[in-house]
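Notes to accompany the following structure.
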Amino acid sequence: MKLERSVLSRLGCWALSCGLSLGAVGVSYSQSLSIASDPVALAKAALGNEPGTSAVGVWRNGQASFGWVRNGDVFAPSSTAPQDQPLFEIGSVSKLFTGLLVAQAVERGELSLDDTLGKLLQGKVNFASPDVAAITLRQLLTHSSCLPRQFGRMANFAQVVEQITAADRAALWRALAEQTLSKPPPCAATYSNYGIAVVGEVVSERSGKPWDALVREHITAPLGMVDTMVDLDAKANRLIPGFDGSESARAWGMTAFAGAGGLRSTPHDMLLFGRAVLAGKAGPLGAAAERLVSKLGEYRGREIGFTAFLVGPEEKRSFSHDGWTGGYRTLLTLYQDTGEVMVTFVSNSQAPIYQMASLVAANRYPVRDKAISIDPVLLKDYEGVFRENAETALTVVAQEGQLFVRSTRNNFKPYVPVDVDTFTRPEGGAQMTFLRQEGKVTSIRLEQAGSRILAQRTLEATPPKALLPDAELRGLAGKYQLKRLIGRNLDFDVQIELNQLAVKSQNFPRAPVFPVEGARDRFFYDFVKAELQFERDASGKATTLVLHQDGVFRMERVD
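Here the sequence shown is numbered in this note's numbering, starting from 424 and rising by one per residue.
See below:
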């Protein structure tokens with residue numbers, strides 16, 4: 424798994440849809456953001472310093488407003504007509520349309536959530552595994568089917584992209600026929616593009632119509648969403664160019680995976696969709712709209728409906744889904760109690776859209792911020808590594824009379840004590856409660872943006888410190904490059920943030936790295952097997968950055 428194209432992180436489901444975001448690497452805002460903020464300010468925060476275009480659409484107080492930013496500058500589309508707005512890939516937000524098609528079929532009595540793949544695909548797929556044949560529609564929609572994220576063995580990101588963009592129905596059926604599972608379903612929820620692609624093709628197969636034709640017939644045409652489609656045809660020139668960091672990114676066309684991520688749309692259209700869902704059974708989508716956002720299962724600290732993620736108490740519910748393709752990110756959020764809708768598009772897969780969304784969520788679900796005094800000696804009780812699952816852990820370190828916490832793929836952030844065994848980070852809307860058994864801290868309950876997860880203490884080693892002294896970091900920040908005769912150069916940008924290192928390559932989002940204990944100027948990534956070694960000159964300034972990952976790659980300082 425290469426650092427430049429990590430399958431785990433690039434196809435991971437981050438922030439509001441699939442996990443809790445403890446920190447925003449490389450992003451800091453002095454002002455709070457909310458759905459009431461100027462859409463332009465929201466669009467700027469979503470794009471950050473990346474090239475490309477961002478657009479935010481908000482439905483609030485009975486009217487729509489939009490904000491457009493390109494390469495950091497505010498701009499207005501060439502036409503103010505809603506039907507002429509620029510188009511973006513919406514990625515996995517397409518899953519909401521698949522979930523809605525199933526909800527409509529359930530309402531009509533054509534499908535049941537307890538229908539199994541064996542029943543639905545009888546005579547079409549010869550299942551090698553009875554466990555796969557026993558998977559139900561409910562399990563597929565809630566990502567509890569035990570199916571992996573993608574089918575087959577994906578060795579690198581390029582192969583994943585090839586599968587997503589090239590797989591047809593026959594390929595899906597072959598994969599299901601050969602698929603085996605480590606245990607019978609259901610499993611603890613694990614995000615599966617494969618599983619939702621299967622749902623989309625099952626619905627299509629049973630109706631005798633392509634998935635996109637069903638979307639047009641049952642959703643977009645009735646709602647007047649004239650710019651939401653899979654194939655752009657004559658509208659191709661309206662698709663905003665996508666970026667992956669500083670590099671151009673090609674658009675992703677899809678066939679069998681269209682139901683999992685193939686739609687393109689505009690802010691105007693997605694506001695129409697969100698409003699129709701919030702209108703419930705009294706609206707144009709009827710009772711299926713309520714089904715879409717009704718609880719079917721649990722998903723990593725939150726609830727999940729017909730693919731929609733649900734958070735917050737009954738009196739303050741939010742529904743959301745995000746999307747991520749090679750050159751685009753999208754987030755759709757609906758507020759049930761206020762009837763508000765916000766959709767955010769960015770045409771850069773590395774843009775900090777989720778960090779912006781975390782600030783908005785923190786405003787909606789605030790935590791206590793009045794600190795109490797605590798004996799610094801007692802902070803040692805909380806130190807440790809607490810694991811939610813095999814992929815995600817919370818690391819807690821006490822340093823200089825303060826508690827610092829980070830989750831996997833995030834840097835350390837300070838937390839303030841607000842009650843006995845309770846700490847918060849108001850800017851991120853996160854509250855951490857340490858739970859004890861027989862007086863000893865054994866687990867953490869983390870609540871953020873209406874969601875909750877539980878992490879258990881492990882025997883993993885706790886790092887001695889969260890923040891590094893200035894003397895250890897001085898001279899490391901800068902730009903480094905490996906020049907190549909064939910292919911593009913490898914560029915790394917190293918920055919110091921909150922006395923920690925954060926590194927960005929030209930096609931990889933900025934991520935924190937952490938010191939290797941006992942090795943001077945050597946750092947590791949916590950989500951991919953890779954390490955960085957800095958080499959300094961006589962003055963103490965780093966002149967070379969060496970990447971150790973399936974080989975040794977030397978990058979010289981170029982700034």
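Yeah, the Cβ is synthetic: ideal placement off N, Cα and C, and Gly gets one too.
Quick caveat: nothing in here was measured; it's all calculated off a predicted structure.
Self-check item: CB-CB length for G647 against L694, believed under 8 Å
Solution: Rounded, the Cβ-Cβ distance is 11 Å, inconsistent with contact.
Exercise. State the Cα-Cα distance for the pair T885 and F950, rounded to the nearest angstrom.
Key: 17 Å
Self-check item: Alpha carbon of A636 to alpha carbon of G720, nearest angstrom
Solution: 29 Å
Practice problem: Give me the Cα-Cα distance between E806 and L882, rounded to the nearest whole angstrom. | Solution: 11 Å
Self-check item: Alpha-carbon spacing of D507 relative to T845, whole angstroms
Solution: 50 Å
Self-check item: Best match in V975, L968, R493 for proximity to D982 [C-alpha to C-alpha]
Solution: L968
Quiz prompt | Beta-bridge pairing of S752 - partner residues as DSSP gives them | solution = Going by the sequence as given, residue 752 is Arg instead of Ser. In the DSSP output, where bridge partners are listed per residue, R752 has W747, V769.
Quiz item: Nearest to G862 by CA position, among V843, Q871, L869, is which residue?
Solution: V843
Quiz item: Which runs of the beta strand (DSSP E), 3 residues or longer, sit entirely within the stretch 913-965?
Solution: 913-920, 923-928, 931-938, 945-947, 954-959
Exercise. Give the DSSP-derived three-state secondary structure of Q759 in the structure shown.
Key: coil
Quiz prompt | Limits of the alpha helix (DSSP H) - the one that V625 falls within | solution = 616-630
Practice problem: Give me whichever residues DSSP pairs with E983 in a beta bridge. | Solution: In the structure displayed, the chain extends from 424 to 982; residue 983 sits before or after that span and is not available.
Quiz item: Which ranges does the alpha helix (DSSP H) cover as unbroken runs of at least 4 residues, wholly within the stretch 819-905, from first to last along the chain?
Solution: 893-896
Quiz item: When burial is assigned at 16 or more other CB atoms within 10 Å of the CB, is A611 buried or exposed?
Solution: exposed
Quiz prompt | the stretch 758-767 / the stretch 732-746 touching (three or more Cβ pairs under 8 Å) | solution = yes
Quiz item: Would the beta-carbon of L524 fall within 9 Å of that of H641?
Solution: yes
Self-check item: Length of the line joining the Cα atoms of R752 and I587
Solution: 16 Å
Quiz item: Which two residues bound the contiguous alpha helix (DSSP H) that contains D554?
Solution: 553-556
Exercise. Counting only the same chain and skipping the five closest in sequence on each side, list residues whose C-beta sits under 6 Å from that of A447.
Key: Reliability of the predicted coordinates at A447 is poor, the pLDDT of 43 falling under 50, and the value obtained from them is presented with this limitation in mind. The residues are Q778.
Quiz item: Could you give the distance in angstroms between the alpha-carbon of I909 and the alpha-carbon of Q773?
Solution: 25 Å
Quiz item: First and last residue of the alpha helix (DSSP H) that includes G522?
Solution: 517-530
Quiz item: In this structure, does DSSP put S781 in helix, strand or coil?
Solution: helix
Quiz prompt | Chain-order list of residues whose beta-carbon lies under 8 Å from that of P789 (same chain, five-residue window excluded) | solution = P849, G852
Quiz prompt | Opposing strand residues paired with R483 [DSSP bridges] | solution = Q486
Exercise. Please state whether DSSP places F742 in a helix, a strand or coil.
Key: strand
Exercise. Give the range of the alpha helix (DSSP H) segment to which F580 is assigned.
Key: 580-589
Exercise. Can you give me the start and stop residues for the beta strand (DSSP E) that R597 sits inside?
Key: Per DSSP, R597 belongs to no beta strand (DSSP E); it is in the alpha helix (DSSP H), 592-601.
Quiz item: Under a three-way DSSP split, which group does R980 fall into?
Solution: strand
Quiz item: Does DSSP classify A466 as helix, strand or coil?
Solution: helix
Self-check item: S962 classed as buried or exposed, judged by whether at least 16 other C-beta atoms fall within 10 angstroms
Solution: exposed
Self-check item: The alpha helix (DSSP H) enclosing L563, as first and last residue numbers
Solution: 560-564
Quiz item: What's the C-alpha gap between L891 and N922?
Solution: 5 Å
Exercise. List in chain order: all unbroken alpha helix (DSSP H) runs of 4+ residues lying wholly within the stretch 650-736.
Key: 681-684, 690-701, 710-715
Quiz prompt | Residue nearest to V769 in terms of C-alpha spacing, selected from I458, G665, R875 | solution = G665
Quiz item: Terminal residues of the continuous alpha helix (DSSP H) containing G807?
Solution: Counting along the chain, G807 falls outside any alpha helix (DSSP H), though it belongs to the beta strand (DSSP E) covering 807-810.
Self-check item: Start and end residues, alpha helix (DSSP H) containing K542
Solution: 540-543
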